[in-house]
Amino acid sequence: MSVWMDLTNTMRTWKGGCVGIVRAELEIAKNLKKKNPEIRFCVSEEIGFSEIKSEELEWLWNSDSVSDAYIKHFNRNNKNDEFKIPEGLKKAINTSPARIERVKILKKLVNSKLHGIKKLIAMVITNSIYIPLKIISKFNNEFRNSLSNKKESCEFIHPFKENDIIFSCGWYTSNKEYQYSRLKSSLQNIKLIYLVYDLVLVKKGLKHLYDGQKIFSKYLTWISTNCDYIFYGGETAKKDAEEFFKENKLPIKKGFPVKFGSNIIRSTGSCSKEDVLKKYSISNDYILAVGSIDPKKNYMTIYRAYKLMLQSLPEEKIPQLVIVGGHPTGLTGEFIENDTELSKKITLITPSDEELDVIYRNCKFTILPTVYEGWSLTLPESLSYGKFCLCSDVAPLREIAGELSDYVETMDSVEWMNKILYYNENNEILKSYSEKIEKNWKSITWKDCGQKVNEYLLQIADENLKYNGKIYYDLTLIWHSIFSKSNVSGILRTQLQLAKNLISEINNIEYIVLLDDKYIILDKYSINQLFSSKSIEEGFKELSHQIKWLTTQKSSAIYEKKKMLSRNEKFGEAIWLMVSLFPSKIQKMMVKHIDKIKEKKEYK
Numbered sequence: 002m003s004v005w006m007d008l009t010n011t012m013r014t015w016k017g018g019c020v021g022i023v024r025a026e027l028e029i030a031k032n033l034k035k036k037n038p039e040i041r042f043c044v045s046e047e048i049g050f051s052e053i054k055s056e057e058l059e060w061l062w063n064s065d066s067v068s069d070a071y072i073k074h075f076n077r078n079n080k081n082d083e084f085k086i087p088e089g090l091k092k093a094i095n096t097s098p099a100r101i102e103r104v105k106i107l108k109k110l111v112n113s114k115l116h117g118i119k120k121l122i123a124m125v126i127t128n129s130i131y132i133p134l135k136i137i138s139k140f141n142n143e144f145r146n147s148l149s150n151k152k153e154s155c156e157f158i159h160p161f162k163e164n165d166i167i168f169s170c171g172w173y174t175s176n177k178e179y180q181y182s183r184l185k186s187s188l189q190n191i192k193l194i195y196l197v198y199d200l201v202l203v204k205k206g207l208k209h210l211y212d213g214q215k216i217f218s219k220y221l222t223w224i225s226t227n228c229d230y231i232f233y234g235g236e237t238a239k240k241d242a243e244e245f246f247k248e249n250k251l252p253i254k255k256g257f258p259v260k261f262g263s264n265i266i267r268s269t270g271s272c273s274k275e276d277v278l279k280k281y282s283i284s285n286d287y288i289l290a291v292g293s294i295d296p297k298k299n300y301m302t303i304y305r306a307y308k309l310m311l312q313s314l315p316e317e318k319i320p321q322l323v324i325v326g327g328h329p330t331g332l333t334g335e336f337i338e339n340d341t342e343l344s345k346k347i348t349l350i351t352p353s354d355e356e357l358d359v360i361y362r363n364c365k366f367t368i369l370p371t372v373y374e375g376w377s378l379t380l381p382e383s384l385s386y387g388k389f390c391l392c393s394d395v396a397p398l399r400e401i402a403g404e405l406s407d408y409v410e411t412m413d414s415v416e417w418m419n420k421i422l423y424y425n426e427n428n429e430i431l432k433s434y435s436e437k438i439e440k441n442w443k444s445i446t447w448k449d450c451g452q453k454v455n456e457y458l459l460q461i462a463d464e465n466l467k468y469n470g471k472i473y474y475d476l477t478l479i480w481h482s483i484f485s486k487s488n489v490s491g492i493l494r495t496q497l498q499l500a501k502n503l504i505s506e507i508n509n510i511e512y513i514v515l516l517d518d519k520y521i522i523l524d525k526y527s528i529n530q531l532f533s534s535k536s537i538e539e540g541f542k543e544l545s546h547q548i549k550w551l552t553t554q555k556s557s558a559i560y561e562k563k564k565m566l567s568r569n570e571k572f573g574e575a576i577w578l579m580v581s582l583f584p585s586k587i588q589k590m591m592v593k594h595i596d597k598i599k600e601k602k603e604y605k
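Structure, rendered in structure tokens:
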């Protein structure tokens, strides 16, 4: 039995800098390796899974800062000098994701808007781009089609064996779930564990801030029906996820809360306070916020609080706010970046880990206005530096800090303004909080986090060895109903409803179909279409589309090669269909007549 960790998100899918989820995956991988040198690593590929050998990850094992090592290894820039796309170019790119389509739009624009020599020159330039793109596009389409055909005929490959345990703490954008469904169908006793960071995308009152609600709901449904255990980013994430599963009548698998670490990367001395503050135009008295410019981080409320300060206070009374949050994006980023009144009071930066160490040590205090978190990475970090943090009054932050922080009504800009000014002007209060933090805060390191995850995995391994039995539920009726295009009623409805309900009650259930010469196990990626739909009718329709599609895919376990019928066989098929249309008495007469004709032919 081997224990595996999936690194698809960091090693294949993500193409940016070291954001929170990437950092968590890297830190857990690094510290798991320390606790369990035998752990193995894998990534999802187009035709299955491949192993990443330990020596390929030496850059991670030997790193002082996983984020700096990740950026260096993949040659990614995480700094402020990123290219800013002009609005006109953004608009042009957004007309179509395909360049050839944008050229077609350009040709129409040239024809309708330009005249004379301008039109002639523009047409020459446009055609000189369009013709090569058309040739390249045709070649690419043919190549993709040939690749797709090759992929379909490829065998599903993976390095796993029965009783292996696989842990994944990536994100839902890598599409590895289909491959894991196939794996669970081919290896009956493998155990799969996923980590759920938080439920902000489906959380009531917050989901309107994001576009991914529907796809994330399906992702959670898949986790509930395919994973054997679930790790969570703290108790709040566990509570929220289990409420979601309960509301949607999904299985609630055994869950384990994970507290993420907050290692402090000490400056080596190459970054002095004066140099760092000068580099980023930071004053001597400043407050700090760490977190990406993301809707849930609620920086718009802080922006409004600062606008209120400008209306009632002289500039020298307003503390500078330094936001460590990457390149500004979205409406909030635009407001902050383009506001000339606040340009000296709100500063957006992306420092290195060593520079961030200097910035943390020298700030007056920190703020965390987030509307929701699973397990915050930044609040424990602030407390580990001995810095008081003014937080939103939300359960996940109270879970971490308790009485070591003060809390503000999340969306109340006036209260944020008042409390920021209060703590900025009261150094003695800040000092008393720092003393309380030093006395009572127990820092959670990534080593602690890795050790806890390893303990959970060992516990699961022990449970896995005790019982590997399966319960099978026959869906043959549903299978034939799909291909006969039956309506959902009576017995079929009962079987569909029972299948949907049983998955939430029995963890080790498998769904099978009995055919003439074999049985097949329906992978849970396919059957998931039934569980994730609100109504039985809608679920049956989605399941039908999925099953029919899979029967055409050579890589699928339920692929059926279509047998070519001879002319006589086609005629015979038509005759029997015709016979089936008559009442039973007439059918008997016709069958007798057909048998007589057959006997005469055999006799001759």
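In terms of our numbering, the numbers along the sequence shown are unbroken and rise by one, the last being 605. All residues carry an ideal CB built from backbone N, CA and C; glycine is no exception.
Have a look at F484, L476, Q498, L503 and flag the residue whose alpha-carbon is nearest the alpha-carbon of L515.
The residue given as residue 515 occupies position 514 in the sequence shown. Selected option, being the one with the closest Cα: L476.
For T367 versus S383, is the C-beta distance shorter than 8 Å?
Translated into positions along the sequence shown, residue 367 becomes position 366. Translated into positions along the sequence shown, residue 383 becomes position 382. Their beta carbons are under 8 Å apart, which means T367 touches S383 by this criterion.
Apart from the five residues just before and just after E600, which ones in its own chain have a Cβ nearer than 7 Å to its Cβ?
Along the sequence shown, read from residue 1 onward, the residue named residue 600 stands at position 599. Contacts found: none.
Could you tell me the alpha carbon to alpha carbon distance between D517 and K453, rounded to whole angstroms?
Locating residue 517 in the sequence shown gives position 516, where the first residue counts as 1. Locating residue 453 in the sequence shown gives position 452, where the first residue counts as 1. Here the alpha carbon of D517 sits roughly 49 Å from the alpha carbon of K453.
Would a C-beta distance cut-off of 8 Å place N227 and M2 closer than the cut-off?
The residue labelled residue 227 in the question sits at position 226 within the sequence shown. The residue labelled residue 2 in the question sits at position 1 within the sequence shown. In this structure, M2 does not lie closer than 8 Å to N227 by Cβ.
Using 8 Å as the Cβ pair cut-off and three pairs as the minimum, do the stretch 276 to 285 and the stretch 343 to 353 touch?
Result yes; three or more Cβ-Cβ pairs closer than 8 Å.
Can you round the beta-carbon distance between W607 and H74 to whole angstroms, since I take them to be within the 8 Å contact cut?
Because the chain here runs from 2 to 605, residue 607 falls outside it and cannot be looked at.
Can you grab the Cα-Cα spacing for the pair I510 / L493, in whole Å?
Within the sequence shown, numbered from 1, the residue matching residue 510 stands at position 509. Within the sequence shown, numbered from 1, the residue matching residue 493 stands at position 492. About 19 Å.
Could you round the C-beta distance between G235 and G375 to whole angstroms and report it? I think they count as a contact, below 8 Å.
Along the sequence shown, one-based indexing puts residue 235 at 234. Along the sequence shown, one-based indexing puts residue 375 at 374. 6 Å between Cβ atoms; contact.
Taking the alpha carbon of I479 as the reference point, which residue from C19, L497, N465 has its own alpha carbon closest?
Reading the sequence shown from its first residue, position 478 is the one you call residue 479. Comparing Cα positions, the closest option is L497.
Quick one: what does DSSP say P133 is sitting in, helix, strand or coil?
Taking the sequence shown and counting its residues from 1, the one referred to as residue 133 is at position 132. P133 sits in a helix when the DSSP states are folded into three classes.
Tell me the residue span of the beta strand (DSSP E) that contains K255.
Numbered from 1 along the sequence shown, position 254 holds the residue referred to as residue 255. 255 to 258 is the span of the beta strand (DSSP E), which, as asked, contains K255.
Report the rounded CA-to-CA distance for K215 versus E404, giving the unit in angstroms.
As a position in the sequence shown, residue 215 is number 214, starting the count at 1. As a position in the sequence shown, residue 404 is number 403, starting the count at 1. Cα to Cα, the separation comes out at about 37 Å.
Enclosing alpha helix (DSSP H) for I224 [first to last residue]
Counting from one through the sequence shown, the residue named residue 224 turns up at place 223. Start and end: 214 to 227.
Buried or exposed for K443, please, with buried defined as at least 16 other CB atoms from any protein chain shown within 10 angstroms of its CB.
Within the sequence shown, residue 443 is the residue found at index 442, counting from 1. The residue is exposed, with fewer than 16 neighbouring Cβ atoms inside 10 Å.
Could you give the C-beta distance for I288 and P320, rounded to a whole number, given that I count them as a contact under 8 Å?
As a first step, residue 288 must be located in the sequence shown, where it is residue number 287. As a first step, residue 320 must be located in the sequence shown, where it is residue number 319. Yes, I288 and P320 are in contact; Cβ-Cβ is about 5 Å, under 8 Å.
Which term fits D354, buried or exposed, when burial requires 16 or more other beta carbons within 10 angstroms of its beta carbon?
By one-based count along the sequence shown, residue 354 stands at place 353. If you draw a 10 Å sphere on the C-beta of D354, you find 16 or more other C-beta atoms in it, and that means buried.
So G17 packs on L378, CB below 8 Å; how close in whole Å?
Translated into positions along the sequence shown, residue 17 becomes position 16. Translated into positions along the sequence shown, residue 378 becomes position 377. Wrong, their Cβ atoms sit about 17 Å apart, outside the cutoff.
CA nearest to the CA of I360, picked from A290, L398, S344, M301:
To locate residue 360, count along the sequence shown from 1; it is residue 359. Comparing Cα-Cα distances from I360 to each of A290, L398, S344, M301, the minimum goes to A290.
If you drop the 5 nearest sequence neighbours on each side, which residues of the same chain put their C-beta closer than 6 Å to that of V201?
As a working mapping, residue 201 is identified with position 200 in the sequence shown. So the qualifying residues of the chain are L207, K297, Y373.
Less than 7 Å between C-beta atoms, sequence neighbours within five positions excluded: which residues of the same chain meet that for I1?
Because the chain is modelled from 2 through 605, residue 1 falls outside the range shown and cannot be assessed.
On a CA-only basis, which of N488, K34, I167 is nearest K56? Give me that one, please.
Counting from one through the sequence shown, the residue named residue 56 turns up at place 55. At residue 56 the sequence reads Glu, which differs from the Lys that was named. Of the candidates N488, K34, I167, the one whose C-alpha sits nearest the C-alpha of E56 is K34.
From I548 to S482, what does the alpha carbon distance come to, in whole angstroms?
As a first step, residue 548 must be located in the sequence shown, where it is residue number 547. As a first step, residue 482 must be located in the sequence shown, where it is residue number 481. Distance from the CA atom of I548 to the CA atom of S482, rounded to whole angstroms, is 12 Å.
Proximal residues to E178 (C-beta, below 6 Å), its chain only, five neighbours per side dropped:
The residue given as residue 178 occupies position 177 in the sequence shown. These residues qualify, in order along the chain: W223.
Would you mind sorting Y173 into buried or exposed? The rule is 16 or more other CB atoms within 10 Å of its CB.
By one-based count along the sequence shown, residue 173 stands at place 172. Buried: at least 16 other Cβ atoms inside 10 Å.
Keeping to the same chain, check which residues put their C-beta closer than 6 Å to that of L90; ignore five residues upstream and five downstream.
The count along the sequence shown starts at 1 and reaches residue 90 at position 89. In this prediction, L90 scores a pLDDT of 47, lower than 50, which makes its location untrustworthy; no coordinate-derived value is stated.
In or out: M590 buried (at least 16 other Cβ within 10 Å) or exposed?
Along the sequence shown, read from residue 1 onward, the residue named residue 590 stands at position 589. Exposed is the call here.
Go ahead and label S433 buried or exposed: buried means 16 or more other beta carbons lie within 10 angstroms of its beta carbon, across all protein chains shown.
On the sequence shown, residue 433 is found 432 positions in, with the first residue counted as 1. Exposed, since its Cβ has fewer than 16 Cβ neighbours within 10 Å.
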